[in-house]
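A short worksheet on the structure shown next.
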Amino acid sequence: MLDVAKQTAPLCTTADPAGGSTLDAGTKPDSAVVRDALGVGIAVGLSGFAFGVTSAGSGLSLLQTCALSLLVFTGASQFALVGALAAGGNPYTAAAGAFFLGVRNAFYGLRLSQLLALPRALRPLAAQWVIDETTAVTLPQPTRRAARIGFTVTGLTLYVLWNLTTLVGAMGAEALGDTDAWGLDAASPAVFLALLAPMLKSTTERVTAALAVLLALGLLPVLPAGVPVLLSALAAPVVLFLMGRAKGDGPGGTEDAGATGATGATGATGATGATGATGAEGGR
Numbered sequence: 040m041l042d043v044a045k046q047t048a049p050l051c052t053t054a055d056p057a058g059g060s061t062l063d064a065g066t067k068p069d070s071a072v073v074r075d076a077l078g079v080g081i082a083v084g085l086s087g088f089a090f091g092v093t094s095a096g097s098g099l100s101l102l103q104t105c106a107l108s109l110l111v112f113t114g115a116s117q118f119a120l121v122g123a124l125a126a127g128g129n130p131y132t133a134a135a136g137a138f139f140l141g142v143r144n145a146f147y148g149l150r151l152s153q154l155l156a157l158p159r160a161l162r163p164l165a166a167q168w169v170i171d172e173t174t175a176v177t178l179p180q181p182t183r184r185a186a187r188i189g190f191t192v193t194g195l196t197l198y199v200l201w202n203l204t205t206l207v208g209a210m211g212a213e214a215l216g217d218t219d220a221w222g223l224d225a226a227s228p229a230v231f232l233a234l235l236a237p238m239l240k241s242t243t244e245r246v247t248a249a250l251a252v253l254l255a256l257g258l259l260p261v262l263p264a265g266v267p268v269l270l271s272a273l274a275a276p277v278v279l280f281l282m283g284r285a286k287g288d289g290p291g292g293t294e295d296a297g298a299t300g301a302t303g304a305t306g307a308t309g310a311t312g313a314t315g316a317t318g319a320e321g322g323r
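As structure tokens, then:
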């Protein structure tokens, strides 16, 4: 998925005479916003097919698979859950890993709530669409109108396509029978890696993801399936702490350390996504 923490720069605000703030006066055609939103929604929505196949292969029924996409609707958590189950992991451990992967969406919601300023009645419904893709499309928009269009079009397109392709994938997997015989069990880690790759833009994120992979692979032989995924998430605070100390020892250490701390959200997300993919792949 996309690195949303670095998308906030274009969201400039200017102070008004009353001491409040307004969105940047820049404009963007509605058609351009819709085009970008549709591109993201369609591209990511089609990966629901891989989830449907993987979920059915892990032993979940068609109803359970579709319920996950309808109610959970966050790809990383869904793939982590079915990946751990397919590897023979404890359901509670699998659910815990999926939960921690989804926690990042709460932080996205804090930022989007201020930007979108939706009516209270709509906020519970909009919360279902607060994910990586909608956040990445919404944050760079120069006006509130453009942000609302980007959020709505991305969320609606992705939600509809993700659930339709989940259904098709699960039904196709049932028709195929043993998905392992077709090599479809590799779909989960492959999609995970494809979603993770664009997030690893900074040195902090790459180092964190690499350490998370090493931890997960090292712990797989000695711990039950699913547990290495949870423990390897510790790579994020370890890397951020060490890099913060290293930068703090050099010139301008205080400022550099602050910048390092600011990357914590994206570094943690990248690490968690990496461990999810590794756990699913290694368990199989």
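Residue numbers for the sequence shown follow this note's numbering, so the first one is 40 and each next one is one higher.
C-beta: ideal position from N, C-alpha, C; glycine also.
Quiz prompt | Close-in-space but distant-in-sequence residues of the same chain around Ser271 (CB under 6 Å, 5 per side omitted) | solution = In chain order, Ala251, Leu254, Ala255 and Thr314 place their CB closer than 6 Å to the CB of Ser271, counting only its own chain and leaving out the 5 sequence neighbours on each side.
Quiz item: Are there three or more Cβ pairs, one per stretch, closer than 8 Å when the region 203-216 is compared with the region 91-104?
Solution: The region 203-216 vs the region 91-104: in contact.
Self-check item: Backbone secondary structure at Ser97 - three-state DSSP
Solution: Ser97: coil per DSSP, three-state reduction.
Quiz item: What separation, rounded to the nearest whole angstrom, lies between the Cα atoms of Ala133 and Ala125?
Solution: Between Ala133 and Ala125, the C-alpha separation is close to 10 Å.
Quiz item: Looking at the structure shown, is Lys286 part of a helix, part of a strand, or coil, going by DSSP?
Solution: Lys286 falls in the helix class under three-state DSSP.
Exercise. Rank Gly128, Gln153 and Leu99 by C-alpha distance to the C-alpha of Pro263 and give the top, closest one.
Key: Comparing Cα positions, the closest option is Gly128.
Practice problem: Note down the Cα distance separating Val266 from Tyr147, rounded to an integer number of angstroms. | Solution: Rounded to the nearest angstrom, the two C-alpha atoms are 26 Å apart.
Practice problem: Can you have a look at Pro179 and say buried or exposed, based on whether 16 or more other CB atoms are within 10 angstroms of its CB? | Solution: Within 10 angstroms of the beta-carbon of Pro179 lie 16 or more other beta-carbons, which makes it buried.
Quiz item: Where do the N-terminal and C-terminal ends of the alpha helix (DSSP H) with Gly251 fall, by residue?
Solution: The question names Gly, yet the displayed sequence has Ala at residue 251. Taken as a continuous stretch (DSSP letters only), the alpha helix (DSSP H) holding Ala251 covers Thr242 to Leu258.
Quiz item: Hey, how far is the Cα of Leu120 from the Cα of Gly87?
Solution: Going from the Cα of Leu120 to the Cα of Gly87 covers about 14 Å.
Quiz item: Can you tell which of Ala236, Leu109, Tyr131 and Gly136 has its C-alpha closest to the C-alpha of Ala248?
Solution: Out of Ala236, Leu109, Tyr131 and Gly136, Ala236 has the C-alpha closest to the C-alpha of Ala248.
Exercise. Going by CA-CA distance only, name the one from Ala186, Leu101 and Val199 that's closest to Ala351.
Key: Because the chain is modelled from 40 through 323, residue 351 falls outside the range shown and cannot be assessed.
Exercise. Would you please state the rounded distance, in angstroms, between the beta carbons of Thr204 and Glu172? I believe it to be under 8 Å.
Key: Incorrect: roughly 15 Å between the Cβ atoms, too far for contact.
Quiz item: Under 9 Å, do Gly189 and Ala82 count as touching if we go by C-beta distance?
Solution: No Cβ-Cβ contact shorter than 9 Å links Gly189 with Ala82.
Exercise. Could you spell out where the alpha helix (DSSP H) holding Gly389 opens and where it closes?
Key: The structure shown does not extend to residue 389, since the chain spans only 40 to 323, so no value can be given for it.
Self-check item: Nonlocal neighbours in the same chain, by C-beta distance under 6 Å from Gly141, ignoring five residues either side
Solution: Within the same chain, Gly141 has close Cβ partners Thr113 and Ser116.
Practice problem: Pick out whichever of Leu259, Glu244 and Leu269 has its Cα sitting closest to the Cα of Leu279. | Solution: With distances taken between Cα atoms, Leu279 lies closest to Glu244.
Practice problem: Using beta-carbon positions only, say whether Gly84 and Leu197 come within less than 9 Å of one another. | Solution: Between Gly84 and Leu197, the CB-CB gap stays under 9 Å.
Exercise. Please classify Leu161: does DSSP put it in a helix, a strand, or coil?
Key: Coil, per DSSP.
Quiz prompt | Cβ shell of Leu258 (< 8 Å), same chain only, five flanking positions each side left out | solution = Only Val266, Pro267, Leu270 and Ser271 meet the Cβ criterion.
Practice problem: Classify Leu120 as helix, strand or coil using the three-state DSSP reduction. | Solution: Collapsing the DSSP output to three states places Leu120 in a helix.
Quiz prompt | N- and C-terminal bounds of the alpha helix (DSSP H) containing Thr66 | solution = Note, Thr66: premise wrong, no alpha helix (DSSP H); not H, not E.
Practice problem: Measure from the C-beta of Asp75 to each C-beta in chain B and report whether the shortest distance is under 9 Å. | Solution: In the displayed structure, chain B is absent; only one protein chain is listed.
Exercise. Have a look at Arg284 and Val277 and give me their C-alpha separation to the nearest angstrom.
Key: Each residue's alpha carbon lies about 11 Å from the other.
Quiz prompt | Pick from Ala145, Gly136 and Arg183 that is closest to Phe118, judged by C-alpha positions | solution = Nearest of Ala145, Gly136 and Arg183 to Phe118, Cα basis: Gly136.
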